[in-house]
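Peer 1:
Protein chains: 2
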Amino acid sequence: MIERLCVIGVGLIGGSLARALRAAGVVREIVGCTRHAEHLQRAVDLGVIDRFDTDPATAVEGADLVFVSVPLGAMGAIFAAIGDALADNAVVTDAGSAKAAVVADVRSALGSVPDRFVPGHPIAGTEQSGVEASFAELYQDRRVILTPLPDTDRDAVARVRALWEAAGARVNEMGVEHHDEVLAATSHLPHILAFALVESLARMSEQREIFEYAAGGFRDFTRIASSDPVMWRDICLANGEAILTMIERFDQDIASLADAIRRHDGDRLLAIFQGAKAARDAFLG
Amino acid sequence: MIERLCVIGVGLIGGSLARALRAAGVVREIVGCTRHAEHLQRAVDLGVIDRFDTDPATAVEGADLVFVSVPLGAMGAIFAAIGDALADNAVVTDAGSAKAAVVADVRSALGSVPDRFVPGHPIAGTEQSGVEASFAELYQDRRVILTPLPDTDRDAVARVRALWEAAGARVNEMGVEHHDEVLAATSHLPHILAFALVESLARMSEQREIFEYAAGGFRDFTRIASSDPVMWRDICLANGEAILTMIERFDQDIASLADAIRRHDGDRLLAIFQGAKAARDAFLG
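First to last, the sequence lines map onto chains A and B. According to numbering that gives the first Met the number 0, the first sequence is numbered sequentially starting from 0. According to numbering that gives the first Met the number 0, the second sequence is numbered sequentially starting from 0.
In structure tokens:
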């Protein structure tokens, strides 16, 4: 049981976790915190949190679990603000989608990474954002990756794992760097490609016409280009190195495919497409 | 009213048009043709066609409308086979997704492009294929592009337009080259990116693990990588020039985005992502 959960950043991610834990009956009190009181009042009205405080330092007082789900660019400031105010037994975790950057921000905000801080990342979300879009089932059967450091308290890891499992998620642990590489491949690169493609088409002179002839496949393909631009800017800045490595790798694959088209190499094209279809059908169903 | 419709290639595209026209009550008899009798018998059993003939030349006898929906690589052979067998009043149209290649194949098969041949392309489909996947509503509110040549008989164009409208589609006309550019941008490039991304990830050593952490966005983004590899090989070969132009343009956009990441240029990244989101939200809803 969590006696007092403090959620810093009450949007889709934070709001949905609060709803899920309340629905699971594993939390006694939920305190919300963001900069805007009217936003927090809305979260109270929706029954997502019990009460709120716009000051992170007072919001975390007496909380035994703190969930930081603010944009990547705001992590450092939040940890600097709450560092001295945390209860001795408080376990802190976050939802940042680039773990090396969060760990670095925590380290520079506090001088060192607290052993009861468990870096985490729920692989879930929609193109919506804000507390109004939050729902208790968001994490059902979704993956959550925890990236504890060598010094991280194992009891703190167990508490965070239990929290996510109570929300319906499946929890895995891996190293910080490996997380960042996996996410660059499966999430960051696809988003960047979708954004770039839509931007590319929008700049073509026949833009309105172009989009009129876009079929279902294009809609699916570019849905993620409707995601929050600020969040994606932050991710690109926070996980730049791993993303650039993936872009480079992908560039080579596209160049080799373009080369096959140029040489009218049907066998090579077929092999690439068959390999991709087999992989997708096998792994994603 | 169509007295006798001959559908050459009775799969998702041909089967769905047959079903739609029958449901609309605008066709008296439907003759199907592919190479495999058992496949055609299945189409008869499903009520998609009335009878069949595995020989294209005899299948088109007496037909006043012929719909050729075979893979791009098979177009030339079909037109060579039916050229002399077509009734004088027969209007012929096709469903090839690259129009310059189809027109060139028809020209080399017959010596010239018949003035009652109306090149066409329904912008519709699913990742499924085969007559079992066909359904009457496939073309409802979908776009169909017709690319008549300067010499194409206007009455033939009107008949083909009426046929598609009876199937529920919205019909536009444009030039052959423009069609191929628009489709390279909205369909061919996205498919190639999706295939290349999945193939790229599948070759990474942690492939199984990688796909396990793929979230909903990745599934949407790569759904089109489950499309028919043979069809996409044919499209790449048939529309290679326009596709290579789009790949080149896209390469530059990705390079500029990678450059912004490398320079930690958050403003530039935000502008790109905001532009893409605005375009997608405005045009695709």
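For glycine and all other residues, C-beta sits at the position ideal for the given N, C-alpha and C.
Taking all protein chains shown into account, decide if A:G110 is buried (16 or more other Cβ within 10 angstroms of its Cβ) or exposed.
Peer 2: It counts as exposed.
Peer 1: Listed from N- to C-terminal order along the chain, which residues in the stretch 232-243 of chain A have their beta-carbon within a distance smaller than 7 Å of any beta-carbon of chain B?
Peer 2: For the stretch 232-243 of chain A, which is checked against every Cβ of chain B, the residues closer than 7 Å are R232, C235, L236, G239, I242 and L243.
Peer 1: By the 9 Å beta-carbon criterion, what residues does the stretch 118-151 of chain A contribute toward chain B?
Peer 2: The stretch 118-151 of chain A vs chain B, Cβ under 9 Å: I122, A123, G124, T125, E126, R141, R142 and I144.
Peer 1: So with CB distances below 9 Å, who are the chain A contacts of B:A73?
Peer 2: The premise fails here: B:A73 is roughly 13 Å from chain A at the closest Cβ pair, so nothing lies under 9 Å.
Peer 1: Could you work out which residue in A:K276, A:M74, A:A103 and A:S107 is closest to A:I7 when comparing CA atoms only?
Peer 2: A:M74
Peer 1: Does B:K98 get closer than 8 Å to chain A when you measure Cβ to Cβ?
Peer 2: no
Peer 1: Going by DSSP, name the residue or residues bridged to B:E28.
Peer 2: B:R3
Peer 1: Kindly list the residues whose CB is nearer than 8 Å to the CB of A:I246, restricted to its own chain and excluding five residues on each side of it in sequence; keep chain order.
Peer 2: L188 and I191
Peer 1: Under 8 Å between beta-carbons, which chain B residues line up against A:P189? List them in chain order, please.
Peer 2: L196, G216, F217, F220 and T221
Peer 1: Taking the alpha-carbon positions, what's the A:A94 to A:R158 distance?
Peer 2: 15 Å
Peer 1: Give me the Cα-Cα distance between A:D150 and A:V156, rounded to the nearest whole angstrom.
Peer 2: Distance between the alpha carbons of A:D150 and A:V156: 11 Å.
Peer 1: Mind checking who A:D93 pairs with in its DSSP beta bridge?
Peer 2: A:V67
Peer 1: From what residue to what residue does the beta strand (DSSP E) around B:P121 run?
Peer 2: G119 to P121
Peer 1: Going by DSSP in three states, B:L162 sits in which element: helix, strand or coil?
Peer 2: Collapsing the DSSP output to three states places B:L162 in a helix.
Peer 1: Buried or exposed, going by whether 16 or more other CB atoms sit within 10 Å of the CB of A:R153?
Peer 2: Exposed is the call here.
Peer 1: Counting only the same chain and skipping the five closest in sequence on each side, list residues whose C-beta sits under 7 Å from that of B:Q139.
Peer 2: G167
Peer 1: Going by the CB atoms, is the gap between A:R232 and B:G265 shorter than 8 Å?
Peer 2: yes
Peer 1: Give the C-beta separation of B:A36 and B:T53 to the nearest angstrom, bearing in mind that I take them to be a contact with Cβ-Cβ under 8 Å.
Peer 2: 5 Å
Peer 1: Taking Cβ-Cβ distances shorter than 9 Å, what residues in chain A pair up with B:G274?
Peer 2: Annotation: Cβ neighbours of B:G274 in chain A (cutoff 9 Å, chain order): F194, V197, E198, A201, R202 and P228.
Peer 1: May I ask you to report which of helix, strand or coil DSSP gives A:I48?
Peer 2: DSSP places A:I48 outside both helix and strand once states are collapsed to three, so it counts as coil.
Peer 1: I'd like the list of long-range same chain contacts for A:R169, defined as Cβ closer than 6 Å, with 5 residues on each side in sequence excluded.
Peer 2: R142
Peer 1: With a threshold of 16 other CB atoms inside 10 Å of the CB of B:A254, please say whether the residue is buried or exposed.
Peer 2: exposed
Peer 1: Given that a residue counts as buried once 16 or more other Cβ atoms are within 10 Å of its Cβ, and exposed if not, what is A:D258?
Peer 2: exposed
Peer 1: Can you tell me whether B:H263 is buried or exposed, with buried defined as 16 or more other CB within 10 angstroms of its CB?
Peer 2: exposed
Peer 1: So which residues on chain B does A:R248 lean against when the C-beta distance must stay under 8 Å?
Peer 2: S199
Peer 1: Chain B partners of A:H263, CB-CB under 8 Å?
Peer 2: L236 and G239
Peer 1: How about A:V197 and B:A275: are their beta carbons less than 8 Å apart?
Peer 2: yes
Peer 1: Does DSSP put B:F134 in a helix, in a strand, or in coil?
Peer 2: Coil.
Peer 1: Assuming B:L256 is part of the beta strand (DSSP E), what are its boundary residues?
Peer 2: Taken as a continuous stretch (DSSP letters only), B:L256 belongs to no beta strand (DSSP E), being part of the alpha helix (DSSP H) at G239 to R261.
Peer 1: Counting only beta-carbon separations shorter than 8 Å, does B:R50 have a partner in chain A?
Peer 2: no
Peer 1: Against A:S111, what residues of chain B qualify as contacts under a CB-to-CB distance less than 9 Å, listed in chain order?
Peer 2: Near A:S111 there are no residues of chain B at all, since even the closest Cβ is about 25 Å away, more than 9 Å.
Peer 1: Grouping DSSP H, G and I as helix and E and B as strand, with all else coil, what is B:V143?
Peer 2: It is a strand residue.
Peer 1: Among the residues of its own chain, which have a CB less than 6 Å from the CB of A:G129, if the five just before and after it don't count?
Peer 2: Cβ neighbours of A:G129 beyond the five flanking positions: G10.
Peer 1: Where does A:E172 sit, in a helix, a strand or coil, going by DSSP?
Peer 2: strand
Peer 1: Measuring only the C-alpha atoms, how far is A:R3 from B:S96?
Peer 2: 59 Å
Peer 1: How many angstroms separate the CA atom of A:A281 from the CA atom of A:E164?
Peer 2: Straight-line spacing of the CA atoms in A:A281 and A:E164 works out to 27 Å.
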